[in-house]
Amino acid sequence: MELTLWTYEGPPHVGAMRIASSMKDLHYVLHAPQGDTYADLLFTMIERRGKRPPVTYTTFQARDLGGDTAELVKRNIQEAVDRFKPKALLVGESCTAELIQDQPGALAKGMGFEIPIVNLELPAYSKKENWGASETFYQIIRNLLKEKSTNQSINPDRWKSLGRRPKVNILGATLLGFRCRDDVIEIQRILSEQGIDTNVVAPLGSSPDDILRITEAELNICLYPEIAESSCEWLKKNFGMEYTSIIPIGISNTINFLKDLHSKLDLPLLNQEELENKSKLPWYSKSVDSNYLTGKRVFIFGDGTHVISAAKVAKEELGFEVVGIGTYSREMARKVRSMAKELGLEALITNNYLEVEDAIKSSSPELVLGTQMERHSAKRLGIPCAVISTPMHVQDVPARYSPQMGWEGANVIFDDWVHPLMMGLEEHLIDMFKHDFEFVDGHQSHLGHTSMKSSLAFDDYKDLGKDISKEVNHISWTASGKEELSKVPFFVRGKVKSNTEKYAISKGIIEINDEIIYDAKAHFS
Amino acid sequence: MSPLELNKESGPREVFCGLTSIVWLHRRMPDAFFLVVGSRTCAHLIQSAAGVMIFAEPRFGTAILEEKDLAGLADANEELDRVVDKLIDRRPEIKTLFLVGSCPSEVIKLDLATVAERLSKKFIGKVRVVNYSGSGIETTFTQGEDGALKALIPLMKETNENQLLLVGTLANSVEDRFIKIFKKMGIEKVQSLPPRQSMDLPAIGKNTKVLLTQPYLSETIRSLQHKGCEIIYAPFPLGIEGSTKWFLAAAEAFKINAIKVHEILAPLTDRARKSLEVHKSILKGKKLFLLPESQLEIPLARFLHNELGMELIEVGTPYLNRDLMKTELDLLPQNTTIVEGQHVEKQLDRVRASSPDLVVCGMGLANPLEAEGIHTKWSIEMVFSPIHGIDQASDLAALFSKPLKRNEILSTKLLATN
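Heads up: the sequence lines are chains A and B, in that order.
Letter by letter, the first sequence follows residues 0 to 524 in numbering that gives the first Met the number 0.
Letter by letter, the second sequence follows residues 0 to 417 in numbering that gives the first Met the number 0.
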């Protein structure tokens, strides 16, 4: 058993629902008890969907368990097919149904339907949402396309001999995926500028008929490996379809993505030198106001794809210093670890948000890039935060066009990450004038991060140094010590305090005054 | 029995399970912790319903069953001990721990009663451990509260004192109001279950008269009867009519003159009638369809018809306890269609066919219905808002008039949905 107060990912059948709800002409019969319908509100409330997810819940009750739950399953399957007339049917179980082993998929296959039946086996006690989404997408593709499998390999440059523009599929975008709706639009725009046509976008907005057309394209763009990598691998193995795995988030990633795509298609990249100017991010980063961004300490946590991309953008395109990185995604742990290694860090792989909060505290960042949960943790710690990853919140489905990928995505990222911070000149002025009597302490941020007052009461930040609090109980701070500490910028104050205390312990000092702070500073520098 | 049309329906449902009631129970008793023994689905359900992220650390959580727990049940006890030790170590302020059974824990027949008993002994003098089931295979939404309250009854001491016991979670402000009115009536000792702190459980006995504030507490009532308490049957205190009859029923049980009650309530009633007028002007003659969710549907239908003039198309309820609901059913207009249980697809067909002006439904259905041009009110708001009593009658009415008013403000012609 695992004590969980909050979880980054739902169960795997919610992942399956994300695929089913993203698609058209598809229905999902879910063998599940009453209550599992809560998942509908993720779509109708968070995504503000005006449609119910295409899911029928068998709604078995305790009194059914003694009797024939298989009959109940079959009745629901029959009713769903009659009512919704899907072109393909997904059949699966939630956690409780998995225990009673009715095998609804096998039951459905025995009912003599003409439509394809996709049997989903999603182990609810070992796997999670993204895995469930990935497995469901893979099973749909496999079930619908396995008959078409041939020995002939799809050559990425066959468009030339077919006498048309190259065609690609964009795979992996789903509902409840981070900014997927707009990423797909952005990528399609970029492709069309390059003379490349989009064949199928899936699962978002696609139907089983579209899935059958996937092999009409030359190659696949794996936009979100969490969802689409296993499908892309299968298509490569069975149809020889190549796929791109560079995630086009940030300028250099977008350019590398295009280079990779063009080289695979054997299509010249004609406007290469223009690409850097497609987004405002490079110039905004270079402009003098962004002086203050250089070296900002940033902590990054979220799903694999967005964390890895964010680390690269933060370090190379904004000049931040990445001081912590991690993911809740076990499937992406290996990739995140290798990114961490490049940065000289150790990746935090956990589903426990309290561990993430502790890691944020101990790395004293000036900006957190995380999920909605890190936004809340950061708020409690008085640190600015921008959200870069699922799990989704109603705020992550903005009314405006707001991709993360491509040129416009880079613009959005610059604004979203920089606006929670103080503006450069503003910070400079505040630093110059903070001793003037007119200056009201606490108004540093134009966005009202008021908890980062520089003159916090001594007690307000003692929890920042909690980790060593047990050993330092006998240490006291003199008035001069406290005063000096209050002059230290809030975001490193916790670190300075704990370092000074560590230093004091090592020297057997029991009273910390201003001089000891400077001694400690010299010692650790 | 009034000539009502009582139908039963079964099929796929769109109703929360009993775990959801943790969302308001934990707020009522800040010294309690609710530990669901269940799956990742249970954890995800509660956090989706409760907006968990706003808490630094919520007072509820899930011991998520993993494959190794299912493979061999032998260590389930050890596992729970380990999880509970960890929890109590981290949260020393917890005084009562509810172990809450779920669908998977029920199916694998995890005996939480024995675990609770053992842990209670282990933490004696520190934390009390009780258990109940909030599983979807046995309970809907508000029935979770029924289970939680029933689980507390064995911990309640005995008293022969003459007293009134209000049963069912109330907003604190409403509870204060009620106690003040009962005191004016001459009922000095008024207790509440659940209390505001889990350690302040009232004592009960044969001179305890029980008045329900919520309609979904069948099991709790049965247990209180077994303990010798007297149950006062009354309509529920929603709206002027229900609240007045509720106070009168209490007065009768305590042999207090009804005239005195009317005198006390008269200024409240006058005030409330006036404030209902504005809502009545919006709601009168409008057609209402209630989908099943909280078991509050029947009292709400009675209020919205009798006091605000709405027409009732269909009143859904997840479960109908005819004894507890008799006084309410008697107040409904003739030929009201009541449907117990649900087949969500067939019910939605009836919704569309009857073109209602307002549908009371769960959050999973609200936006899809709005997108079809059907106006909705989320039923979940009823269990989170202070809606009980005469003073709240207009606030309760406002929950229903607002969606219609909103519709007038926003031009539907401009609205397009995905």
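Positions of the beta carbon are idealized from the N, C-alpha and C atoms, including for glycine.
Fair warning: this is a prediction, and the values are worked out from it, not measured in the lab.
Checklist entry - According to DSSP, which residues form a beta bridge with B:GLY100? => result Position 101 of the second sequence holds residue 100 of chain B. Answer by DSSP bridge pairing, in chain order: B:VAL36 and B:SER132.
Checklist entry - Cβ atoms of A:PRO53 and A:SER20: under 8 Å apart, would you say? => result One-based indexing of the first sequence puts residue 20 of chain A at position 21. One-based indexing of the first sequence puts residue 53 of chain A at position 54. For A:SER20 and A:PRO53, yes; Cβs fall inside 8 Å.
Item to check | Cβ pair B:THR168, B:PRO193 closer than 8 Å | outcome: As a first step, residue 168 of chain B is located in the second sequence; it is residue number 169 there, counting from the start. As a first step, residue 193 of chain B is located in the second sequence; it is residue number 194 there, counting from the start. Yes, the pair counts as a contact, with Cβ atoms nearer than the cut-off.
Checklist entry - Excluding five sequence neighbours on each side, which residues of the same chain lie with their C-beta closer than 7 Å to the C-beta of B:LEU18? => result The sequence position of residue 18 of chain B within the second sequence is 19, counting from 1. VAL35, CYS41, LEU44, ILE45, VAL99, SER101, GLY133 and GLY143, listed in sequence order.
Next on the checklist: So, at 6 Å on beta carbons, what are the nonlocal neighbours of B:VAL359 in its own chain, with the 5 sequence-adjacent residues on each side left out?
Outcome noted: Mapped onto the second sequence, residue 359 of chain B falls at position 360. If we look at B:VAL359 and ignore the five residues flanking it on each side, its Cβ neighbours are LEU289, LYS376 and SER378.
Checklist entry - How big is the Cα-Cα spacing for A:GLU341 and A:LYS126? => result Translated into the one-based positions of the first sequence, residue 341 of chain A becomes position 342. Translated into the one-based positions of the first sequence, residue 126 of chain A becomes position 127. Spanning the two alpha carbons is a distance of roughly 29 Å.
Next on the checklist: If the criterion is Cβ atoms closer than 8 Å, does the pair B:GLY340 and B:SER9 meet it?
Outcome noted: Locating residue 340 of chain B in the second sequence gives position 341, counting from the first residue. Locating residue 9 of chain B in the second sequence gives position 10, counting from the first residue. The answer is yes: Cβ separation under 8 Å.
Item to check | Three-state secondary structure assigned by DSSP to A:LEU484 | outcome: The residue given as residue 484 of chain A occupies position 485 in the first sequence. Helix at A:LEU484.
Checklist entry - How about A:MET22: is its C-beta nearer than 8 Å to some C-beta of chain B? => result The residue labelled residue 22 of chain A in the question sits at position 23 within the first sequence. No, because no Cβ of chain B sits closer than 8 Å to the Cβ of A:MET22.
Checklist entry - In three-state DSSP terms, what is A:ILE467? => result Within the first sequence, the letter at position 468 stands for residue 467 of chain A. With a pLDDT of 47 at A:ILE467, under the threshold of 50, the predicted position of this residue should be treated as unreliable, and no value is reported.
Checklist entry - Would you say the segment 173-189 of chain B touches the segment 243-255 of chain B, given that touching needs at least three Cβ pairs under 8 Å? => result Taking a cut-off of 8 Å for Cβ pairs, the segment 173-189 of chain B and the segment 243-255 of chain B touch, as three or more such pairs fall below it.
Checklist entry - Are the Cβ atoms of A:LEU25 and A:PRO207 separated by less than 8 Å? => result Position 26 of the first sequence holds residue 25 of chain A. Position 208 of the first sequence holds residue 207 of chain A. Yes, these two residues count as a Cβ contact at 8 Å.
Checklist entry - Which residues in the same chain have their Cβ closer than 8 Å to the Cβ of B:ALA257, if we skip the five residues on either side of it in sequence? => result The residue labelled residue 257 of chain B in the question sits at position 258 within the second sequence. Within the same chain, B:ALA257 has close Cβ partners LEU247, ALA250 and GLU251.
Item to check | Amino acids of chain B, ordered along the chain, whose beta-carbon sits closer than 8 Å to that of A:PRO32 | outcome: Counting from one through the first sequence, the residue named residue 32 of chain A turns up at place 33. Going along chain B in sequence order, the residues near A:PRO32 (Cβ under 8 Å) are CYS16, CYS102, SER134, GLY135 and ILE136.
Item to check | Residue burial classification, A:TYR517 (beta-carbon count within 10 angstroms, cutoff 16) | outcome: As a first step, residue 517 of chain A must be located in the first sequence, where it is residue number 518. A:TYR517 is exposed by the Cβ-count criterion.
Checklist entry - Just curious, the beta strand (DSSP E) that A:PRO202 is in, first and last residue? => result Working through the first sequence from its first residue, we reach residue 202 of chain A at position 203. Here the beta strand (DSSP E) through A:PRO202 covers 196-202.
Next on the checklist: Please classify A:PRO247 as buried or exposed, where buried requires at least 16 neighbouring CB atoms within 10 angstroms.
Outcome noted: As a first step, residue 247 of chain A must be located in the first sequence, where it is residue number 248. Counting Cβ neighbours within 10 Å, A:PRO247 comes out buried, since at least 16 surround it.
Checklist entry - Between A:ILE226 and A:THR135, what straight-line distance do the alpha-carbon atoms span, to the nearest angstrom? => result Translated into positions along the first sequence, residue 226 of chain A becomes position 227. Translated into positions along the first sequence, residue 135 of chain A becomes position 136. In a straight line, the C-alpha of A:ILE226 is about 9 Å away from that of A:THR135.
Checklist entry - Within 8 Å (strictly less), CB to CB, does B:VAL106 reach chain A? => result On the second sequence, position 107 is the one that residue 106 of chain B refers to. It does; some Cβ of chain A falls within 8 Å.
Next on the checklist: For B:PRO11, would you say it is in contact with chain A, using Cβ-to-Cβ distances shorter than 8 Å as the test?
Outcome noted: For the purposes of this step, residue 11 of chain B is taken as the residue at position 12 of the second sequence. Yes, contact with chain A.
Item to check | Candidates B:PHE383, B:GLU105 and B:ASN130, of which the one nearest B:GLU116 by Cα | outcome: Here residue 116 of chain B is taken as the residue at index 117 of the second sequence, counted from 1. If we check each option's Cα against that of B:GLU116, B:ASN130 comes out closest.
Checklist entry - Contact check, B:TRP23 vs B:PHE383 under 8 Å by CB: the rounded distance? => result Counted from its first residue, the second sequence places residue 23 of chain B at position 24. Counted from its first residue, the second sequence places residue 383 of chain B at position 384. Under the criterion of beta carbons closer than 8 Å, B:TRP23 and B:PHE383 qualify as touching, at roughly 6 Å.
Item to check | Boundaries of the alpha helix (DSSP H) in which A:GLU345 is found, first to last residue | outcome: Start at 1 with the first residue of the first sequence, and residue 345 of chain A comes out as number 346. That residue, A:GLU345, is in no alpha helix (DSSP H); it is neither H nor E in DSSP.
Next on the checklist: Please give the ranges of any alpha helix (DSSP H) in the segment 258-333 of chain A, keeping only runs that are unbroken, at least 4 residues long and fully inside the region.
Outcome noted: Scanning the segment 258-333 of chain A from its first residue to its last, the whole alpha helix (DSSP H) runs of 4-plus residues come out as 271-274, 280-285 and 303-311.
Checklist entry - When DSSP labels each residue in this structure, what does B:ARG127 get in the three-state scheme? => result Translated into positions along the second sequence, residue 127 of chain B becomes position 128. Of the three classes helix, strand and coil, the one that applies to B:ARG127 here is strand, per DSSP.
Checklist entry - Do A:ILE140 and A:ILE186 have their C-beta atoms within less than 8 Å of each other? => result For the purposes of this step, residue 140 of chain A is taken as the residue at position 141 of the first sequence. For the purposes of this step, residue 186 of chain A is taken as the residue at position 187 of the first sequence. The answer is no: Cβ separation not under 8 Å.
Item to check | Terminal residues of the alpha helix (DSSP H) in which B:LEU223 lies | outcome: Here residue 223 of chain B refers to the residue found at position 224 when the second sequence is read from its first residue. Element bounds for B:LEU223: 217-225.
Item to check | Positions along the segment 73-85 of chain B whose CB lies within less than 7 Å of some CB in chain C | outcome: Chain labels in this structure do not include chain C; the protein chains are A and B.
Item to check | B:ILE231 versus B:LYS7 - alpha carbon distance | outcome: Sequence index remark: in the second sequence, residue 231 of chain B carries index 232 (1-based). Sequence index remark: in the second sequence, residue 7 of chain B carries index 8 (1-based). About 28 Å.
Next on the checklist: Quick check: what's the CA-CA separation for A:ARG315 versus A:GLN271?
Outcome noted: Your numbering for residue 315 of chain A matches position 316 in the first sequence. Your numbering for residue 271 of chain A matches position 272 in the first sequence. The question names Arg, but residue 315 of chain A in the sequence shown is Glu. Between A:GLU315 and A:GLN271, the C-alpha separation is close to 19 Å.
Item to check | Backbone secondary structure at A:ASN129 - three-state DSSP | outcome: Within the first sequence, the letter at position 130 stands for residue 129 of chain A. Looking at A:ASN129 - three-state DSSP - the assignment turns out to be helix.
Item to check | Partners in chain A for B:GLU65, counting only beta-carbon separations shorter than 8 Å | outcome: What you label residue 65 of chain B is simply residue 66 of the second sequence in a count that begins at 1. Here the neighbours are MET0, GLU1, TYR124 and SER125.
Next on the checklist: Using a Cβ-Cβ distance cut-off of 8 Å, determine whether A:ASN75 contacts chain B.
Outcome noted: Against the first sequence, residue 75 of chain A aligns to sequence position 76. Interface annotation, A:ASN75: in contact with chain B, CB-CB separation under 8 Å.
Checklist entry - Going along the chain, which residues of its own chain have a beta-carbon closer than 8 Å to the beta-carbon of B:PRO402, five neighbours each way excluded? => result Here residue 402 of chain B corresponds to residue number 403 of the second sequence, with the count starting at 1. Closer than 8 Å at the Cβ level, and outside the excluded window around B:PRO402, lie LEU357, HIS374, THR375 and LYS376.
Checklist entry - What are the boundary residues of the alpha helix (DSSP H) that B:SER280 is part of? => result The residue given as residue 280 of chain B occupies position 281 in the second sequence. Counting along the chain, the alpha helix (DSSP H) containing B:SER280 begins and ends at 257-282.
Item to check | Proximity test, Cβ basis, 8 Å: A:LYS84 and chain B | outcome: Mapped onto the first sequence, residue 84 of chain A falls at position 85. Not closer than 8 Å to any Cβ of chain B, the Cβ of A:LYS84 fails to qualify, so no.
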